[in-house]
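Peer 1: Let me begin by handing over the structure; questions about it come next.
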Amino acid sequence: MNLFEKFGIETENEHLYDVAFTHGSYSAKHNLDYNYERLEFLGDSVLSLIVSDYLYKKYPQYEEGKLTKLRANYVCQSALIHYSHELGLNDYLRVSAEESNLTKNEIISITADIFESFLGAIFIDQGIEFAREFISKNILIYIDEEKIFFTDYKSAIKEYADVHELEIDYEILEEYGVPHDKTFIISILINGTEMGVGRGKNKKEAQQAAAKVAMEKLNIGVLNE
187 MNLFEKFGIE TENEHLYDVA FTHGSYSAKH NLDYNYERLE FLGDSVLSLI VSDYLYKKYP
247 QYEEGKLTKL RANYVCQSAL IHYSHELGLN DYLRVSAEES NLTKNEIISI TADIFESFLG
307 AIFIDQGIEF AREFISKNIL IYIDEEKIFF TDYKSAIKEY ADVHELEIDY EILEEYGVPH
367 DKTFIISILI NGTEMGVGRG KNKKEAQQAA AKVAMEKLNI GVLNE
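Residue numbers for the sequence shown follow our numbering, beginning at 187 and rising by one.
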């Protein structure tokens, strides 16, 4: 289905949405002077604002820390990937996997990026109220359902280590990409022994991924609050 018909968008700037779905690898292959990164940056802030506003009003009894933790569940990469696939945004993605040597996992993570870049395009083109309506219809329902997208593996394994008097360290194995679009590969060491390696768009995300691997190896269960 046509993107604009699917989401009820009336626009005179269709190119803006082309930009929102164009990965840097596609731009390089086709000699384009644009990609979705700037729109992704903007969409990230729009999503955070609208979700924060909703949580603030929905849970007046929650303090800052709990609201922050709750928001993280609905704006994390796993959540964005879910939103993107549920909305079928990956069908509009323009990426050149051959040119950029992207891995399967990296292509999956790109679907998280395009949710934010699409939202950024909606904000610019349609305004904040349309963006709020879009988020309300497609995202806030998951808050009402109390769906879990994010588990704090890093805190859970720290609690385990404290109980068993183990030392945990994280080590950056690799860091690549431009400043606003980096990828980190980080290992978790328990008493000096590597127990897991994780990849993420920031250090915290990579540490969470590494901690998850370690917990699976150690067969440690996690209870979500």
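For glycine and all other residues, C-beta sits at the position ideal for the given N, C-alpha and C.
As the structure is a computational prediction, the values presented were derived from the model and not from experiment.
(1) Using 7 Å as the threshold, is the C-beta distance between glutamate 302 and glycine 229 below it?
(2) If the criterion is Cβ atoms closer than 7 Å, does the pair tyrosine 269 and phenylalanine 207 meet it?
(3) Buried or exposed for asparagine 217, please, with buried defined as at least 16 other CB atoms from any protein chain shown within 10 angstroms of its CB.
(4) May I have the straight-line CA-CA distance separating alanine 214 from valine 205, to the nearest angstrom?
(5) From this set, Lys398, Met401, Ile372 and Leu404, which residue's C-alpha is nearest alanine 447's C-alpha?
(6) Whether or not the stretch 335 to 354 and the stretch 225 to 242 are in contact is what I'm after, with contact meaning three or more pairs of Cβ atoms, one per stretch, closer than 8 Å; do they touch?
(7) Judging by CA-CA distance, which residue of His271, Asn259, Leu233 and Ile376 is the nearest neighbour of aspartate 348?
(8) Return helix, strand or coil for serine 373, following the three-state DSSP convention.
(9) Jot down the residue ranges of each uninterrupted beta strand (DSSP E) in the stretch 335 to 374, minimum 3 residues, whole runs only, in chain order.
(10) Does the Cβ-Cβ distance between isoleucine 308 and alanine 317 come in under 7 Å?
(11) I need the straight-line Cα distance from leucine 409 to glutamate 332, nearest angstrom please.
(12) Around the C-beta of isoleucine 314, are 16 or more other C-beta atoms found within 10 angstroms, so that it is buried, or is it exposed?
(13) Drop a sphere of 10 angstroms on the beta-carbon of tyrosine 212, count the other beta-carbons inside from all chains shown, and report buried for 16 or more, exposed for fewer.
(14) Since threonine 379 sits in a beta bridge, which residues does DSSP pair it with?
Peer 2: Well, looking at it:
(1) As a first step, residue 302 is located in the sequence shown; it is residue number 116 there, counting from the start. As a first step, residue 229 is located in the sequence shown; it is residue number 43 there, counting from the start. Glycine 229 sits close to glutamate 302, with the two beta carbons spaced by under 7 Å.
(2) Reading the sequence shown from its first residue, position 83 is the one you call residue 269. Reading the sequence shown from its first residue, position 21 is the one you call residue 207. At least 7 Å separates the beta-carbon of tyrosine 269 from that of phenylalanine 207.
(3) Stepping through the sequence shown from its first residue, residue 217 is reached at position 31. Looking at its Cβ environment, which holds fewer than 16 other Cβ atoms inside 10 Å, asparagine 217 is exposed.
(4) Against the sequence shown, residue 214 aligns to sequence position 28. Against the sequence shown, residue 205 aligns to sequence position 19. When rounded, the distance between both Cα atoms is 13 Å.
(5) Only positions 187 to 411 of the chain appear in this structure, which leaves residue 447 out of reach.
(6) No, because fewer than three Cβ pairs between the stretch 225 to 242 and the stretch 335 to 354 fall closer than 8 Å, the two stretches do not touch.
(7) Numbered from 1 along the sequence shown, position 162 holds the residue referred to as residue 348. Relative to aspartate 348, the option among His271, Asn259, Leu233 and Ile376 whose CA is nearest is Ile376.
(8) Your numbering for residue 373 matches position 187 in the sequence shown. The answer is strand: DSSP assigns serine 373 an E or B state.
(9) For the stretch 335 to 374, whole beta strand (DSSP E) runs of length 3 or above, ordered along the chain, are 354 to 364.
(10) Position 122 of the sequence shown, counted from the first residue, corresponds to residue 308. Position 131 of the sequence shown, counted from the first residue, corresponds to residue 317. Between isoleucine 308 and alanine 317, the C-beta spacing is below 7 Å.
(11) Position 223 of the sequence shown, counting from 1, holds the residue named residue 409. Position 146 of the sequence shown, counting from 1, holds the residue named residue 332. The predicted model places leucine 409 with a pLDDT of 44, which falls under 50 and marks its position as unreliable; any figure quoted below should be read in that light. Rounded to whole angstroms, leucine 409 to glutamate 332 spans 15 Å at the Cα level.
(12) Locating residue 314 in the sequence shown gives position 128, where the first residue counts as 1. Result: exposed.
(13) Sequence index remark: in the sequence shown, residue 212 carries index 26 (1-based). Per the 10 Å Cβ criterion, buried.
(14) Taking the first residue of the sequence shown as position 1, residue 379 is located at position 193. Threonine 379 pairs with Ile376.
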